[in-house]
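Read in order, the letters of the sequence shown correspond to residues 23 to 215 in our numbering. Just so you know, even glycine gets a beta-carbon here, dropped at the ideal spot from N, CA and C. Heads up, the thing below is written out as C-alpha cells.
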Amino acid sequence: MTRSERLVETPSQTVGPYLHIGLTWDDGNLVVPRGTPGAVRIIGTLFDGQGSRVPDGLIETWQADPSGRFAHEDDPRGAATTTEPPGFTGFARASTVNDGRFEILTVKPGPVPAEDGRMQAPCLDVSVFARGMLSRSITRIYFPDEDAANAADPVLSAADPDRRHTLIAVPEDGELRFDIHLQGEHETVFFAL
Numbered sequence: 023m024t025r026s027e028r029l030v031e032t033p034s035q036t037v038g039p040y041l042h043i044g045l046t047w048d049d050g051n052l053v054v055p056r057g058t059p060g061a062v063r064i065i066g067t068l069f070d071g072q073g074s075r076v077p078d079g080l081i082e083t084w085q086a087d088p089s090g091r092f093a094h095e096d097d098p099r100g101a102a103t104t105t106e107p108p109g110f111t112g113f114a115r116a117s118t119v120n121d122g123r124f125e126i127l128t129v130k131p132g133p134v135p136a137e138d139g140r141m142q143a144p145c146l147d148v149s150v151f152a153r154g155m156l157s158r159s160i161t162r163i164y165f166p167d168e169d170a171a172n173a174a175d176p177v178l179s180a181a182d183p184d185r186r187h188t189l190i191a192v193p194e195d196g197e198l199r200f201d202i203h204l205q206g207e208h209e210t211v212f213f214a215l
C-alpha cells in the first residue's frame, strides 16, 4: 500500500455553533466608533430555512470607506494610505443574539470599480456563518437611496429581478434593516465565489 492510498480526506465540519469562542469581541460590530458623524446603524435578523431565528450565527462585513477606497493591497487602485472617518476599520464581526438579531454601526461606503471598470453601487460585502453550514454564505447589503447606482451595479443587476430586493436594506426608524434568510421562500440572494 502506498502512502497516498492510506490517506483520506478529513470529514467536513460545520462552522457552528461554537462561533462565539474567540471569534467575537465587544466592539466587533463597530466599523466606526460610536458618535461618528454620518454613522449608519444596520440592524437585522438571521433566519434559517424554516423561518426560525438563528441565535448563534456570525455576520461579517467588509467595505470601502466613504471615498470608495480600501486600506488593503487588493484595492484595484492600490491600497489607500489613509481612510476617513477617523477610526474607520472597514470590517465588522457581529454575532447574533438569542433572537437572531445583529447590528452593525458603519458609514456608507463610496462606489468602487468592478473588474470590468464599471462602478459598483455602494455596498457592504457580507459573510454569514451559522450552525449546520459547511462554509460561509456570501451576500451583499445595498443602500435604498441609490436607485440609479443600484440599477447600474453589475453584481446586483445579475441577480434575479424578482429577488434583488433581498439585497437592498430597508429604512426603518432612522436605521436600515437587513434581514438574512438562509433558505426558504424569502431566501436572500447569495453568491458563489
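Would you list the residues sitting across from residue i in a DSSP beta bridge?
i, result
"H187", "Beta-bridge pairing links H187 to no other residue."
"D147", "W84, R162"
"H203", "F69"
"R63", "L127"
"P193", "L198"
"P135", "M141"
How many angstroms separate the CA atom of residue i from the CA atom of residue j?
i, j, result
"F151", "P107", "28 Å"
"R91", "T103", "9 Å"
"P127", "V54", "The displayed chain sequence assigns Leu, not Pro, to residue 127. Going from the Cα of L127 to the Cα of V54 covers about 6 Å."
"Q85", "V148", "9 Å"
"L215", "A181", "14 Å"
"R140", "A116", "31 Å"
"D184", "E125", "26 Å"
"V192", "R199", "5 Å"
"D175", "I190", "12 Å"
"A171", "L146", "14 Å"
"R99", "H208", "37 Å"
"T210", "E168", "19 Å"
"A173", "E95", "28 Å"
Rounded to the nearest angstrom, how far is the Cβ of residue i from that of residue j, given a contact under 8 Å?
i, j, result
"P144", "P135", "Their Cβ separation, rounded to whole angstroms, is 13 Å, which puts P144 and P135 out of contact at 8 Å."
"F113", "I160", "Not confirmed; about 15 Å, so no contact."
"G66", "D201", "5 Å"
"G79", "T118", "4 Å"
"R156", "D70", "It should be noted that the sequence gives Leu, not Arg, for residue 156. With a Cβ gap of about 15 Å, L156 and D70 do not count as contacting."
Looking at the structure shown, is residue i part of a helix, part of a strand, or coil, going by DSSP?
i, result
"S74", "coil"
"A173", "helix"
"S117", "strand"
"L15", "Because the chain is modelled from 23 through 215, residue 15 falls outside the range shown and cannot be assessed."
"L127", "strand"
"L198", "strand"
"L178", "helix"
"M141", "strand"
"G54", "The question names Gly, yet the displayed sequence has Val at residue 54. V54 falls in the coil class under three-state DSSP."
Of the choices the options, whose alpha-carbon is the least far from that of residue i?
i, options, result
"R75", "I81, R140, P193, D121", "D121"
"L68", "R56, G57, I81", "I81"
"I163", "K130, G100, D78, G206", "K130"
"F110", "L198, D195, L52, R63", "L52"
"D195", "T58, H203, R115, R63", "R63"
"S179", "A101, T83, E137, Q142", "Q142"
"G50", "D97, S89, T83", "T83"
"E137", "V177, T188, E209", "V177"
"R166", "G154, P183, H187, A181", "It should be pointed out that residue 166 corresponds to Pro in this sequence rather than to Arg. Minimum Cα distance to P166 is reached at H187."
"P88", "R199, A171, T105, D96", "T105"
"G154", "D48, A61, P77, P59", "P77"
"G60", "E197, D48, D97", "E197"
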